[in-house]
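**Student:**
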Amino acid sequence: MAETQVCAASDVPENGVISREVGEELVAIYNINGTYYATEARCTHGMADLADGTLEDDVIECNFHFGAFHVPSGKAVQPPCFVPIKTFKTEVRDGQVYVDLDVPAPTAETS
Numbered sequence: 011m012a013e014t015q016v017c018a019a020s021d022v023p024e025n026g027v028i029s030r031e032v033g034e035e036l037v038a039i040y041n042i043n044g045t046y047y048a049t050e051a052r053c054t055h056g057m058a059d060l061a062d063g064t065l066e067d068d069v070i071e072c073n074f075h076f077g078a079f080h081v082p083s084g085k086a087v088q089p090p091c092f093v094p095i096k097t098f099k100t101e102v103r104d105g106q107v108y109v110d111l112d113v114p115a116p117t118a119e120t121s
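In my numbering, the protein residues as written are 11 to 121.
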């Protein structure tokens, strides 16, 4: 899948997160201090939508079992989550957020 327009940048509140369907993938779109990120939206532990969780700084906490992930890297940072979430290349152009599900974010956890 190539780069896809997923929403207007203004749809994502500052220091907030929303989820959108992109093809068959549920994707979480984050605006952290004006920088946009995209990750898979399903928690790797309990399959909850991370957009329903709590975003604090650059960490999203799942509202299901309270595991947490570092948004820029996808790294699991709080049990019961141990498997990282996928991150995706994200770009804002002309007020629109674009995500490429085939390209990891440059800040992605690689190991």
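Backbone N, C-alpha and C fix where the C-beta goes; we use that ideal spot for every residue, glycine too.
What residue does the beta strand (DSSP E) around Cys17 start on, and which one ends it?
**Tutor:** Taken as a continuous stretch (DSSP letters only), the beta strand (DSSP E) holding Cys17 covers 14–18.
**Student:** So, are the CB atoms of Arg52 and Asp59 less than 8 Å apart?
**Tutor:** Contact: yes.
**Student:** Are at least three pairs of beta-carbons, each pair with one atom in the stretch 17–34 and one in the stretch 100–110, less than 8 Å apart?
**Tutor:** Yes: at least three Cβ pairs fall under 8 Å.
**Student:** With the cut-off set at 8 Å, would you say Val32 and Thr14 are in Cβ contact?
**Tutor:** It is a contact, given that the beta carbons lie within the stated cut-off.
**Student:** Label Asn43 either buried or exposed according to how many other C-beta atoms from any shown protein chain fall within 10 Å of its C-beta, with 16 as the threshold for buried.
**Tutor:** With fewer than 16 Cβ atoms within 10 Å of its Cβ, Asn43 is classed as exposed.
**Student:** Taking only three categories from DSSP, how would you classify Asp59?
**Tutor:** Three-state DSSP puts Asp59 in a strand.
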